[in-house]
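Residue numbers (this note's numbering), protein chains in the order written: chain R, 1 to 520; chain C, 1 to 520.
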């Protein structure tokens, strides 16, 4: 058995998302990756074409393959059956077995079949819990799935196949937690999170996010996570930011069958469209009305092809955002695409330590600060932690607003302040502040991101900046200042109103034209 | 001279943006339109290719054409010179004349030349004010431009050419206002707003927005507005939402020359890119590193081609947003792309009557309500105005939160309330509320958008909803209720804390799973 680190390499990360490489018997797969569903019998867009488009991993259904192709599949292997030479994942067909009540198919036979067809990623025959199952039934399904998974993993061959442990439990978070722990303990090198389709169909993004975080918190970083049934342009960035590495869906085809065109932020029915805002091979050749008039099958295939391009573009945008260290910005902007997605913002602002782990200590790009949510951005909370540990013996404190020139010690403001407080300069702790980063002591003013941010000059209400208040209190408690000089602005006046013996003074930051260095 | 309505037809509008048709001597041009700059001598991407990509209007420089092609251009016409059979706009070269101090070129000769070369949109030889000019100098330039424009228009031929009146004044809003008024009075059928390049280079989107609004407020709807030098993906939706119909730029080529790749939200230098999230003919063939390694000229042209596709996609997204009535959502989401763009939000929330004009009374789609800004969305403020005029003689008022079923009178909540207040039902005014739409009287509960919204179930601070408070006060003042029954929730408790004699009662809206009908 190959050592784990060879199977999954992490190249770069941001929030809980990461860019990685899965090494398989059929080549490398860069993650995060959308895994298109290929139907083993009636696939109208050739798997080859899908490979050419840049999808290096597809998923197909082992159960349907068994029922339709039987021995032929076992002899030829799944790659010949679906005519695809990249990596293949096979779902075991747990859903179908449950749905059709097929008692002939058992997990041992299915595992044997998955070995024979030489799939790259195999899944034990699980019992999906779905949504709305009673706790008792859910426990029964989870236990069954765990038993099957353990046995299947123990009887695997050392053939380079990657077995995926299916996490069940759905809305019962204790079951999700326990399920994940067990599967990790059994030694699965990859896990998959089951059946959140109901969450996604009802746009319950917040529940989905919480379920993913529950599982992720029990998994080591080195184990990649697959998410079943996620192929909507709003689900993808969310799932990636939460730490899902692969996600399969037939969305490209299902939406196409219903005449739905995938855009950046959702799907639109063809007959509501006047403009294709996509430069793909389909959209540059046809107008919406022209596609509407095509025969049904042709229309569906053309739409499906566009949908694949559109999903790939979304995944690439998210990957580029990780690459640039802008995943927070990407996800928070995306949240404005649908009110139900907007409800996930508190998930991001209240799980800071979870999201912090993946955020590099230093980034090439300045961070953007827009509104109160951004005080909980990992780079920002990390800076707050540093300031909360800051100690000085100086007795005189001076706080002014940040200015256009960074870091503080190179600024015109600092020179002005040095003159103003020349008499006790050696005993003076100079600080800048902004509502997001809080107190910025001179000595920390070049630590990322204190000199690497672009802030919106928007009205913000003082009460919203709770992190500022907390850090300020700790800072004042830990350091015993005798005199405090505070620039006379509304924000500081609000936050110092309860502190006694403050001297307010008028101070104006040097205004400068917006800085070109932060152009994108 | 053709009558005005034939030159510009408005098909659809949202906020101040509109989809229209410009009728020219060389075909129809659908607006809003990005107008690529074509260099009359050294154009490396053929104008023909640009036409094939769907750009039906380009701009070129009449001054450079005169200097480089002289008589040849006058004989052949500008369409042959740049080899383009769509509509052509010619800039008069005011900038170049100022820059090179060319005293040989005068406005009369330039107007003659523009007639001879048979350009479709001609611009008088103006004197651009640029940014940072003293008021005195700016007045001088504005007056010169007005004089030239008037004379040029008076001596035009009745040949189907469209003369564009150049608005000058830059940051001096009184000059912009006066300039616009005069040009409209002279009878120009199209205007252009001059030289905001400096605003855009320093990312002063708020100043740009204010300048555009200043001009637009002086213009009849029937007159289209061109914006000079706007080709950034953040400027385009802003300019369109503010009412600019066409905007020219060489951005596709200028960015390409600097190795910059245009994305949805800005530009990224090629060497910072790992992923192309674009399915255009260039991005599907090459990876970022492969383009980097191409010879300089080839690289620039390939990047420029992608940049054109990217800009076209942005324009099409904005057009589709107008088509779907989602321009407000589009612009507010886009604002999260850059902190300086975020600063334009107050421009939208504080110019409601300006933006309301273009918003249809009824839309096919539900509106999305995310956060406090959305209380100023035109559809919402319009509903507030209606409620502020609402009169009832009933003496008993009941207010409860909105529920999942709309309109109110078809909901389970209404049935419950009818039973609860059965005794004085004929004297009871039933209302729902939400923080955005405010009070929703039963009788108005099916009026758009009272039954056509999807609201984010996010925490919102009661103080932020000032429109709610204003409408509530007016509603209570205009209608003389003797008893007031209010559901016992935090939001209502906050807003009724100053009102006396209120009976709070416990009431729970029927919860329902998220509604599928609002899927996008």
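Built from N, CA and C at the ideal position, the CB exists for glycine as well.
Could you check the C-alpha separation between residue i and residue j for me, to the nearest Å?
i, j, result
"residue 178 of chain C", "residue 167 of chain C", "9 Å"
"residue 86 of chain C", "residue 369 of chain R", "44 Å"
"residue 472 of chain R", "residue 453 of chain R", "20 Å"
"residue 480 of chain C", "residue 441 of chain C", "15 Å"
"residue 238 of chain C", "residue 360 of chain R", "33 Å"
"residue 603 of chain C", "residue 137 of chain C", "Residue 603 of chain C falls outside the range modelled here, since chain C spans only 1 to 520, and no answer is possible."
"residue 483 of chain R", "residue 503 of chain R", "8 Å"
"residue 248 of chain C", "residue 21 of chain R", "43 Å"
"residue 275 of chain R", "residue 299 of chain R", "16 Å"
"residue 355 of chain C", "residue 26 of chain C", "32 Å"
"residue 125 of chain R", "residue 463 of chain C", "54 Å"
"residue 314 of chain R", "residue 264 of chain R", "7 Å"
"residue 389 of chain C", "residue 435 of chain R", "41 Å"
"residue 312 of chain C", "residue 320 of chain C", "12 Å"
"residue 344 of chain R", "residue 141 of chain R", "29 Å"
Strictly under 8 Å for the Cβ-Cβ distance: is residue i near chain R by that measure?
i, result
"residue 273 of chain C", "yes"
"residue 319 of chain C", "yes"
"residue 324 of chain C", "yes"
"residue 309 of chain C", "yes"
At the 8 Å Cβ level, is residue i part of the contact set with chain C, yes or no?
i, result
"residue 331 of chain R", "no"
"residue 211 of chain R", "no"
"residue 368 of chain R", "yes"
"residue 33 of chain R", "no"
"residue 457 of chain R", "yes"
"residue 511 of chain R", "Only weak support is given to the placement of residue 511 of chain R: the predicted model assigns it a pLDDT of 49, under 50, and the value that follows is read from those uncertain coordinates. Closer than 8 Å: no."
"residue 63 of chain R", "no"
Name the chain C residues that come within less than 9 Å of residue i, Cβ to Cβ?
i, result
"residue 159 of chain R", "The contacting residues do not exist; residue 159 of chain R stays about 32 Å from chain C at best."
What does residue i reach in chain C if we use C-beta pairs closer than 7 Å?
i, result
"residue 278 of chain R", "279 and 313"
Considering only residues of the same chain and omitting the five flanking positions on each side of residue i, which have a CB-CB separation below 7 Å?
i, result
"residue 40 of chain C", "60, 61, 64, 65, 68, 69, 81 and 82"
"residue 242 of chain R", "16, 209, 212, 213 and 216"
"residue 474 of chain C", "388"
"residue 157 of chain C", "115"
Starting from residue i, find everything on chain R with Cβ-Cβ shorter than 7 Å and list it in chain order.
i, result
"residue 343 of chain C", "456, 457 and 458"
"residue 316 of chain C", "275, 276 and 277"
"residue 95 of chain C", "Going along chain R, no residue has its Cβ under 7 Å from residue 95 of chain C, so there is no contact; the nearest lies around 21 Å."
Can you find the residues in the same chain that come closer than 6 Å, C-beta to C-beta, to residue i, ignoring five residues on each side of it along the sequence?
i, result
"residue 513 of chain C", "Note that residue 513 of chain C scores 37 on pLDDT, short of 50, meaning its location in the model is unreliable; the coordinates nonetheless yield the value given after this. Excluding positions up to five away in sequence, the list is empty."
"residue 507 of chain R", "400 and 487"
Between which residues of its own chain and residue i is the CB-CB distance below 8 Å, once the five residues before and five after are set aside?
i, result
"residue 187 of chain C", "153"
"residue 362 of chain R", "448"
"residue 101 of chain R", "none"
"residue 234 of chain C", "205, 265, 266, 334, 337, 338 and 341"
Does residue i have its Cβ less than 8 Å from a Cβ in chain A?
i, result
"residue 408 of chain C", "Going by chain labels, chain A is absent from the structure shown, which instead holds the protein chains R and C."
May I ask you to check if the CB of residue i is nearer than 7 Å to at least one heavy atom of the ligand COA?
i, result
"residue 162 of chain C", "Among the ligands in the structure shown, none appear at all, so the ligand COA cannot be discussed."
Pick out the complete beta strand (DSSP E) segments inside the stretch 83-165 of chain R, 3 residues or longer, and give them in chain order.
87-91
List, from N- to C-terminal side, the beta strand (DSSP E) runs of 3 residues or more that fit wholly inside the stretch 27-68 of chain C.
27-31, 33-36 and 57-61
Entirely enclosed alpha helix (DSSP H) segments - the stretch 251-330 of chain C, minimum 4 residues:
251-257, 288-292 and 296-324
Mind listing, in chain order, the continuous beta strand (DSSP E) runs of no fewer than 3 residues lying wholly within the stretch 350-379 of chain C?
367-369
What are the uninterrupted segments assigned as alpha helix (DSSP H) that are 4 or more residues long and contained completely in the stretch 198-250 of chain C, given in chain order?
205-216 and 235-241
Which runs of the alpha helix (DSSP H) at least 4 residues long sit entirely within the stretch 386-447 of chain R? Give them in chain order.
412-420
Fully enclosed by the stretch 458-493 of chain C, which alpha helix (DSSP H) runs are 4 residues long or longer?
466-478
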